[in-house]
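Trainee:
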Amino acid sequence: MSTQLVTGNHAAGHSMALAGEANRTARGSVCGIYPITPQTEIVEYVARFPFSRGRVIPVESEHSAMGVCIGAALNGARAFTASSSNGLAYMAENVMVASFYRLPIVMAVVNRTLGPPWNIWADQGDSLMFRDFAWVQLYCDSSQDVADTALLAFRVAEDPRVLLPVMVCMDGFILSHTSMEIELADQAQVDRYLPPCDIPHHLDNAHPFTTAGMTMPDETLAHRVDLGEAMARVPDVFEEHRAGFRDVFGREVSGAVTAYRAEDADHLFIASGTVSTTLRDVIDERRARGERVGMIRIKMFHPFPADAIRRLCAPASRVGVLDRNYAAGSGGIFWKEVSMALQPRGDLLVQGYLTGVGGVDVVPATVHGVMDDLATRETAGAPVWTGVKR
Amino acid sequence: MIEIRIHGRGGQGGVTLAKLLAAAEHREGKSVQAFGVYAAERSGAPVQAFLRIDDEPIHNPNQIYEPDHLIVLDPTLISPVILGGLKPGGWILFNCDQPPEYYAAQERGKKFRIATVDARSIALKYGLGSTSVPIVNTALAGAAARLLGMNLESVIDAFGDFGFGGGNIEAAREAYESLRLQRSEPAPGEMHRPPATVGAAHHLLDENTGAPPAVKTGQWANRQPAWENQTPPCNFVCPAGNDVQGFLAALNRDDVDGALGVLLETSPLPSVCGRVCPGFCMMQCNRSELEGPVNVRALERYAGDHGQAQVAAAERRAERVAIVGAGPAGLSGAWQLARLGYAVTVFDAGAEPGGLMRTGIPSYRLPRQALERDIDRIRALGVEFVGDSRIDHERLDELAHEFDAVLAATGLQRLTSVDLGVDLGRGERRVMQGIEFLDAVSRKDVRVDGENVIVVGGGNTAVDAARSAFRLGADSVQIVYRRTRTEMPAIPEEVDEAMDEGIHIRFLTMPLQIAGGDGHQRLRCQQMALGDADESGRRAPVPVPGSEFEIPCDRVILALGQKADLSLLPEQVELHQHAPIEQDGAAPVYPAGDLLTNEGTVTAAIGCGREMALLLHERFSGEKRYADKPPEASVVRADRVRLHHFAVHRPHGENVLPVEDRAGSFEEVHRGLDGIEEAHRCLSCGVCNACDRCVTYCPDGVLHREGDRIVFDYDYCKGCGVCVNECSRAVIYMKAS
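Chains G and B are the protein sequences, given in the same order. Quick note, this note's numbering runs 5 ahead of the 1-based positions in the first sequence. Quick note, this note's numbering runs 22 ahead of the 1-based positions in the second sequence.
1. Identify every residue that forms a DSSP beta bridge with E186 (chain G).
2. Roughly how many angstroms lie between the CA atoms of L270 (chain B) and A512 (chain B), to the nearest whole one?
3. Mind checking P721 (chain B): buried by the 16 CB within 10 Å criterion, or exposed?
4. Give me the Cα-Cα distance between M521 (chain B) and Q455 (chain B), rounded to the nearest whole angstrom.
5. Within a Cβ cutoff of 7 Å, which residues of the same chain sit near R27 (chain B), ignoring the five residues on either side of it in sequence?
6. I want to see whether chain B comes within less than 8 Å of L347 (chain G), judged by CB atoms only; does it?
7. Please classify L379 (chain G) as buried or exposed, where buried requires at least 16 neighbouring CB atoms within 10 angstroms.
8. Return the CA-CA distance between E515 (chain B) and Q267 (chain B), expressed in angstroms with no decimal places.
9. Candidates G:Y106, G:I314 and G:T216: which alpha carbon is nearest R302 (chain G)'s?
10. Evaluate G92 (chain G) with the Cβ neighbour count: other Cβ atoms within 10 Å of its Cβ, from every protein chain shown; 16 or more gives buried, anything less gives exposed.
11. In chain order, what are the residue ranges of uninterrupted beta strand (DSSP E) at least 3 long that sit wholly in the segment 9-44 of chain G?
12. Of all Cβ atoms in chain G, is any one closer than 8 Å to the Cβ of G30 (chain B)?
13. Does any residue of chain G bring its CB to less than 8 Å from the CB of I75 (chain B)?
14. Give the interface partners of H81 (chain B) over in chain G, defined as CB-CB distance under 8 Å, in chain order.
15. Measuring from the CB of D556 (chain B), is there a heavy atom of the ligand SAM at a distance below 7 Å?
16. With 16 other CB atoms within 10 Å as the buried threshold, where does H598 (chain B) fall?
17. Taking 8 Å as the threshold (beta carbon to beta carbon), is S768 (chain B) in contact with chain G?
18. Under 8 Å: do the segment 535-550 of chain B and the segment 487-497 of chain B share three or more Cβ pairs, one atom per stretch?
19. Any beta carbon of chain G sitting closer than 8 Å to that of K109 (chain B)?
20. Quick check on R727 (chain B): does DSSP put it in helix, strand or coil?
21. Suppose contacts are defined by Cβ-Cβ distances below 8 Å. Is Y755 (chain B) in contact with P247 (chain B) by that definition?
22. For C174 (chain G), report the span of its beta strand (DSSP E) as first-last.
23. CB W140 (chain G) to CB V102 (chain G), shorter than 8 Å?
24. On the three-state DSSP scale, how would you describe G151 (chain B)?
25. Inspect the beta-carbon positions of C575 (chain B) and R544 (chain B) and report whether they are closer than 8 Å.
26. Find out if the Cβ-Cβ distance for the pair R505 (chain B), G480 (chain B) is shorter than 8 Å.
27. Beta carbons nearer than 7 Å to chain G: which residues of the segment 31-64 of chain B have them?
28. At a Cβ cut of 8 Å, what residues of the segment 99-122 of chain G count as close to chain B, listed as they run along the chain?
29. Consult DSSP for E572 (chain B) and reduce its assignment to one of helix, strand or coil.
30. With H, G and I counted as helix, E and B as strand and the rest as coil, what does DSSP make of G386 (chain G)?
31. Over the uninterrupted beta strand (DSSP E) stretch that includes N116 (chain G), give me the two end residues.
32. Could you tell me which of G:R29, G:I41, G:G33 and G:A22 sits nearest to R53 (chain G), measuring between CA atoms?
33. Interface residues of chain B around D366 (chain G) at Cβ under 8 Å?
34. Return no unless some Cβ of chain B is closer than 8 Å to the Cβ of E186 (chain G).
35. Spell out whether any CB of chain G is found under 8 Å from the CB atom of G211 (chain B).
36. Tell me, which residues are paired with S53 (chain B) by DSSP?
Given below as structure tokens:
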């Protein structure tokens, strides 16, 4: 393990490559790759990695990149890839197939605004379009978090109680292209942390069978119930492997939700990704002025940590949710999920804020504006746009 | 925390500079953060990079809006907004060749400090980047290290992370040493001296507008576009030397007269060529890569038939020229020479000028009025025709003493024959030559109604003879050819039309002998197979043993080709391209057309006639009026045309006489185009047609049209290449600089 000055892309590529290499004693690893800004450096990193037992397969589209991962995982390999924005949209059909096949594929998603109009900056709308695709989604707030979460993702995905694919998401450019010092794992650590990938339903010539063929409604219904039960087991499995991560690497990897100065907060703010970093600094500033403000950072999106959020929001009277994404016609996607989780609390004012949509920089002034609005409004209303210039 | 913002342009290495400095500070135990913000992903576009340095871990993910210091890779990037964000007293590190005192140390009431380093010269000295775009970031890293109080060795060590060595290290060292700092306050001991300024300090911003000074962004270019017309393949290949693209361009301006004028520059016979040319230009037309070649032949016919041209001869010259042969080569020579002012007399064995165009090409392909239209234009120049005047060896010698020069263009007078065991008497009923048959047809002096006719051969004469026989009411017409369709020299469309008319072509069939008598005549043939390629490059037919068979026939027409009859010329003369035959005491004799080249098409004869006439003119006037053949490299082939810029438009075919109306009639089969829309399909390969896509798409507005040219402002052209990619026809290309 060593401290190095690297970008978020480098961190993701490094962890995924070491995870792939760690499966060299089992059925190896496969990465289907197709470039798109701002994730290209990830697959470039992986493509340069000298795997002992692994293949990096350049293909002609994101749809095929995921197709490669599906085929590889169906054959028992540890499979991973990366994508962004409209590339993910093009991949969509196979994104769904991966999870419905129950394949523990890990995908790094560098969040980038969906076009048109064309824009390369951070917005979570791309990964959140897969809200209902039975993928576990983890939103990172630093390059260190990316490096560590990418390893944790394999452990969770491949756990026999889960067997679901996992997205490891980071804000485009803000993390993907920013150089900072982080601790990078070495191969021996990853070998210890990740057991050989064992996909119980992988294809086997000695025991031929057909997978995921035509099923009747009753069987499909059962498949969906199974999916839900696997999703429901994710939080506990995640915590278990988070503890295992600490044992091997000697540091914490952030949890499904992280509370900050929330225990006695009257006004609580909820955010994900790098927006939560800015939010934390503003909370310190406001706390110094004696304001009872706190925050919750959501890392895990689906399974949504509704219980944890309900528990952490108990002391608050008002909750503001900051979304770097926008579902036209309703509002921020995290806000909707939080509102659903907090529905039993009829006394709580829950207000949504659209911050940093389209890659707009979310600066302290933006956050102050959000806090002032929440403090002064009489009732919750439609989501509030911030940073609009037109 | 120290926050530094770096301003550069795409390609200058500003983001890497931030990462280099971060890596160096990391070595000195600092927490660092470095990232860039990219605007348009284009060389020269403004790029910002950010660097945070702190003793504590850094979390702030925001861009830097109020930097402590600026590093500016190009002084012209300074703007009021950038300076407005700089904290008071902050350093601005400039890449420029001026001392820091050159600049005013305050702008709009805000004070700052300036440091300069001539990173550009340093980068050039150590060969970093190209001479036009030196990469200055490693030099600036050295300078910034000094300003930040860093150990230079930390910077140089950090270079290793990026694979930078050699000149980069030297550049960083030199920049570290040569950094110049502005002294905003006199140093101790220097109080008695005036401030060290160089003339009046220059403001970073325009006093009135706040705009940065102009920068000649063309300095960043490492390549430059150029505009120059190239050679279209149609023009390159046309044997007549026609400016095909030029006359199509005139048609596209709805200038039919102008189109005819362009054609008449090189050929006096557009109405003829527009009917009988094989269409060499069409065979090489780049539009074939889309939906089919431009129908140039039909458009030439349209211009020839519908255009009006005022043609005048130059002032009459003293020299008199005799032209022997009033076929296409002779007429072409006469046309060029008469226009240049020569007194031209054309001799021909026939009663009327035209040669084989009159006697050998049937009127269903070339109506006589079309031929007359072209010939009348030549007559109008004062060219004298002497008909019924066959010129033999002796007479040619006389002409060479009566005239100042002779152009000999007698064509191919010797007919190739084959021994079929019978005499080939002139007008012989059973076996006759195709050329003679067609001549008789043109004079309405032959009947084949009710006969079974066999034509032997695969050229245009064979097809013309067969189709004429069909029109004269032959009971059946067959063509016997010893090779296959692929090797047939006849114009493919003519072959198709012959087959449409019910003419049967027996390929790989060789005639051996005529057997039987009147009423029971048969042509004995042998089946052939294709063997190896012969000297012409075509696969030679070889007999299949034991495959002989007989075809009943009343008449056999031989169309086996013609050769030049050189007996006309002085004895033991060797013909050389582009050289007259010289004899003591006699005028030079210029051979021209098929006599010289044996090309066998009207088009090639026109070209050769013109070339030899202009050579003749050069001899008498010293004036060279013909252009040398352009190099093949200048020809814009389909791979250089942006075919995807063009919409698909099906070719316009000519109106055609229905097959059922052709029997018994010599009415023209091809009826021409209804209009000139077909010309719109011309891609104008290699020739600027003022589409001005380049003007529209140039992102920097550094090119414009001046008349028929595009002109570049190289002071501001960054060499991005958009104009090259947008030029549909390869007129704009990138030259190395």
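Backbone N, C-alpha and C define an ideal beta-carbon position, used for all residues, glycine too. Small disclaimer: the values here were computed from a predicted structure and weren't measured.
Mentor: Here's the rundown:
1. According to DSSP, E186 (chain G) bridges with G:L10.
2. Going by C-alpha positions, L270 (chain B) is about 26 Å away from A512 (chain B).
3. The residue is exposed, with fewer than 16 neighbouring Cβ atoms inside 10 Å.
4. As the crow flies, the alpha-carbon of M521 (chain B) is around 22 Å from that of Q455 (chain B).
5. So the list reads Q70, F72, I86, P89 and L92, once near-sequence residues are dropped.
6. False, the Cβ-Cβ gap to chain B never drops below 8 Å.
7. Counting of Cβ neighbours within 10 angstroms places L379 (chain G) among the buried residues, the total reaching 16 or more.
8. Here the alpha carbons of Q267 (chain B) and E515 (chain B) stand approximately 23 Å from one another.
9. If we check each option's Cα against that of R302 (chain G), G:I314 comes out closest.
10. So G92 (chain G) ends up on the buried side.
11. Qualifying beta strand (DSSP E) stretches, in chain order: 34-38.
12. By this cut-off, G30 (chain B) is not an interface position.
13. I75 (chain B) is outside the set of residues whose beta carbon lies under 8 Å from a beta carbon in chain G.
14. Simply S147, T282, R285 and D286.
15. The ligand SAM is not among the ligands present in this structure, which contains no ligands whatsoever.
16. Answer is exposed; the Cβ neighbour count stays below 16.
17. Since the first residue of chain B shown is 23 and the last is 759, residue 768 (chain B) is not available in this structure.
18. Taking a cut-off of 8 Å for Cβ pairs, the segment 535-550 of chain B and the segment 487-497 of chain B do not touch, as fewer than three such pairs fall below it.
19. K109 (chain B) is outside the set of residues whose beta carbon lies under 8 Å from a beta carbon in chain G.
20. Strand.
21. For the 8 Å CB-CB criterion, Y755 (chain B) and P247 (chain B) form a contact.
22. For C174 (chain G), the uninterrupted beta strand (DSSP E) run begins and ends at V171 to D176, by DSSP.
23. No, they are not a contact pair.
24. Note: G151 (chain B) maps to strand in three-state DSSP.
25. Contact: yes.
26. Cβ atoms of R505 (chain B) and G480 (chain B): closer than 8 Å.
27. Residues K41, A44, A45, H48, S53, V54, Q55, A56, F57 and G58.
28. Within the segment 99-122 of chain G, no residue has a Cβ that lies closer than 8 Å to any Cβ of chain B.
29. Judged by DSSP in its simplified three-state form, E572 (chain B) adopts strand.
30. DSSP places G386 (chain G) in coil when its eight states are reduced to three.
31. First-last of the beta strand (DSSP E) with N116 (chain G): V111 to N116.
32. Residue G:A22 is the option with its Cα nearest to R53 (chain G).
33. Those are N84 and Q85, listed as they occur along chain B.
34. By this cut-off, E186 (chain G) is an interface position.
35. In this prediction, G211 (chain B) has a pLDDT of 48, which is less than 50 and means its spatial position is unreliable; nothing more can be read from the coordinates.
36. Residue pairing from DSSP places S53 (chain B) in a beta bridge opposite B:D76.
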